[in-house]
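*Asks:* In our numbering, the protein residues as written are 19 to 441.
1. Could you give the C-beta distance for residue 172 and residue 186, rounded to a whole number, given that I count them as a contact under 8 angstroms?
2. With a threshold of 7 angstroms on Cβ separation, who are the neighbours of residue 31 within its own chain once the five nearest residues in sequence on each side are excluded?
3. Please confirm whether residue 332 and residue 339 have their CB atoms less than 7 angstroms apart.
4. Taking the continuous alpha helix (DSSP H) assigned at residue 375, which residues delimit it?
5. Thinking C-alpha only, which one of 170, 142 and 219 is nearest residue 380?
6. Quickly, what does DSSP pair residue 214 with across the bridge? List them, please.
7. Just mark residue 19 as buried or exposed, buried being the case when its beta carbon has 16 or more other beta carbons within 10 Å.
8. Going by alpha carbons, who is nearest to residue 261 out of 47, 247 and 123?
9. Pair every Cβ in the stretch 122-134 with every Cβ in the stretch 143-157, then say whether three or more of these pairs are closer than 8 angstroms.
10. Look at the alpha carbon of residue 271 and the alpha carbon of residue 229, and state the distance between them as a whole number of angstroms.
11. Grab the span of the alpha helix (DSSP H) containing residue 157 for me, first residue to last.
12. Look up residue 87 in the DSSP assignment and say whether it is helix, strand or coil.
13. Just the Cα atoms here: how many angstroms apart are residue 482 and residue 144?
14. Taking C-beta to C-beta, are residue 259 and residue 183 nearer than 7 angstroms?
15. According to DSSP, simplified to helix, strand and coil, what is residue 288?
16. To which residues of the same chain is residue 103 closer than 7 angstroms at the C-beta, ignoring the five residues directly before and after it?
17. Locate the alpha helix (DSSP H) running through residue 236, then write down its first and last residues.
18. Could you give the uninterrupted runs of the alpha helix (DSSP H) lying entirely in the stretch 180-212, keeping only those of 4 residues or more?
19. From 285, 138, 239 and 111, pick the residue whose C-alpha is nearest to that of residue 93; which is it?
20. Does the distance from the CB of residue 385 to the CB of residue 335 come in under 7 angstroms?
21. If you draw a straight line from the alpha carbon of residue 413 to that of residue 215, how long is it in whole angstroms?
22. Could you give the first and the last residue of the continuous beta strand (DSSP E) run that contains residue 20?
23. Determine, using beta carbons only, whether residue 324 and residue 280 come nearer to each other than 7 angstroms.
24. DSSP three-state call for residue 314: helix, strand or coil?
25. Taking the runs of the beta strand (DSSP E) that are 3 residues or longer, which of them lie wholly in the stretch 286-367?
26. What does residue 257 pair with, by DSSP beta-bridge criteria?
27. State the Cα-Cα distance for the pair residue 313 and residue 373, rounded to the nearest angstrom.
28. Using a Cβ-Cβ cut-off of 6 angstroms (strictly less than) and excluding sequence neighbours within five positions of residue 28, which residues of its own chain qualify?
29. Since I believe residue 43 is in contact with residue 96 (beta carbons under 8 angstroms), could you give me their beta-carbon distance rounded to a whole number of angstroms?
30. Let me check understanding here. Comparing Cα to Cα, which of 342, 21, 329 and 375 lies closest to residue 169?
31. Give the single residue among 179, 164 and 100 whose Cα lies nearest to the Cα of residue 134.
32. Taking only beta-carbon positions, decide if residue 170 is within less than 7 angstroms of chain C.
33. Span of the alpha helix (DSSP H) holding residue 95?
34. Tell me the rounded alpha-carbon separation between residue 166 and residue 263.
35. Just confirm the distance between the C-beta atoms of residue 71 and residue 54, as a whole number of angstroms; I'd bet it's less than 8 angstroms.
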């Protein structure tokens with residue numbers, strides 16, 4: 019299978035200018051090709067082919083004064099820009115035919131987009147120097163931060179600039195069957211949630227880091243500073259970069275957590291089963307921020323491709339399986355329960371079940387995996403005291419009496435007044 023390996027780039031000032039020129043040329047060719055095809059569609063003309071667009075918008079355009087600067091960059095990245103447009107149209111038409119999820123029609127690119135990218139194939143004659151630098155045509159030797167070695171020789175490289183102003187090199191490499199791991203006996207079902215990011219069928223609970231929630235204070239300050247800057251000024255551009263970098267730190271931390279956890283689960287278990295969650299539907303509820311912060315879809319995708327890479331079994335069960343309603347001990351369906359119910363007792367067999375562990379075991383059983391534990395006979399854990407009970411703020415005499423008597427506030431005031439009137 020083909021994999022992507024990303025590494026950080028540190029271009030010099032001149033190389034950043036050359037990359038900006040390459041991003042702009044690829045974007046112009048993409049927009050020209052999209053405009054030509056939309057014009058042909060509106061006029062009822064045949065759909066222009068990629069070969070004709072390449073000859074018209076690249077080869078002949080270089081000889082015109084308006085597009086002469088296209089010759090300052092490698093022709094390969096311009097050809098790859100046309101291929102990207104073909105892929106966008108192909109995905110759009112396949113979505114209309116029902117071959118894949120629906121996607122919108124291709125749109126024009128802007129120099130203000132958060133992501134800019136160019137791709138070099140083997141025809142561009144890019145190479146890795148003996149000193150470990152990435153040599154790109156008409157750009158130069160770029161410094162690469164090698165965090166690991168490539169398993170094989172890469173076929174293509176994509177240079178990406180993100181919203182935070184960082185540059186990355188993404189290499190496409192081919193892997194063989196030598197990376198298949200030896201067989202392991204455990205098989206595990208995973209129940210994804212918000213209180214705990216993942217609960218395994220063996221009773222293991224993995225806490226949710228909540229990266230976005232932890233960084234909200236820093237993000238709020240950066241966004242407030244951005245809103246106070248004058249539009250179009252250099253200070254506003256600097257503030258926008260700070261906001262993008264703050265979000266990038268959250269994204270990188272979440273991705274690193276997903277990679278480490280998914281790799282550990284794949285290495286320790288022969289088969290992994292998860293539930294197909296309706297993330298889009300959950301993202302329209304009041305829990306939208308927490309759902310996006312968890313990143314379930316990215317985590318499940320990592321599990322799927324790593325299972326295929328290392329020779330493991332990955333099973334995705336349907337989202338309508340009643341995993342939280344069925345007792346894992348006797349199999350009796352007890353009906354839906356509110357989210358506040360974390361521990362419940364089965365009415366048929368009397369087993370005391372943890373809601374999350376019971377769901378994880380049912381996920382494994384629905385996938386046909388062999389599980390040895392069902393999480394029965396558990397007792398609730400310690401619950402931290404509410405903030406009002408743990409505080410040390412002084413109370414007025416009347417409020418202290420009400421609290422000691424355990425009387426609600428409004429009723430306590432009426433009872434105290436009645437007692438004082440009787441006296």
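Beta carbons: idealized from backbone N, C-alpha and C, even for Gly.
*Replies:* Put simply:
1. In fact, because the Cβ distance is near 14 angstroms, the residues do not count as touching under 8 angstroms.
2. none
3. no
4. 373-384
5. 219
6. 225
7. exposed
8. 247
9. no
10. About 7 angstroms.
11. Premise fails: residue 157 is in no alpha helix (DSSP H) and is neither H nor E.
12. The answer is helix: DSSP assigns residue 87 an H, G or I state.
13. Residue numbering for the chain in the displayed model covers 19 to 441; residue 482 lies beyond these limits and cannot be assessed.
14. Remark: C-beta atoms of residue 259 and residue 183 approach each other more closely than 7 angstroms.
15. coil
16. The answer, listed in chain order, is 48, 51, 52 and 124.
17. It spans 234-245 - the alpha helix (DSSP H) in which residue 236 sits, taken as one unbroken run.
18. Restricting attention to alpha helix (DSSP H) runs no shorter than 4 residues, the stretch 180-212 encloses none.
19. 138
20. yes
21. Note that residue 413 scores 42 on pLDDT, short of 50, meaning its location in the model is unreliable and no value can be drawn from it.
22. 20-28
23. yes
24. helix
25. 289-293, 331-335 and 361-363
26. According to DSSP, which records beta bridges pairwise, residue 257 is partnered with nothing at all.
27. 21 angstroms
28. 161
29. 6 angstroms
30. 21
31. Comparing alpha-carbon positions, the option among 179, 164 and 100 lying closest to residue 134 turns out to be 179.
32. In the structure shown, chain C cannot be found, because there is only a single protein chain.
33. From DSSP, the alpha helix (DSSP H) with residue 95 extends over 93-115.
34. 24 angstroms
35. Contact holds; Cβ gap of about 6 angstroms.
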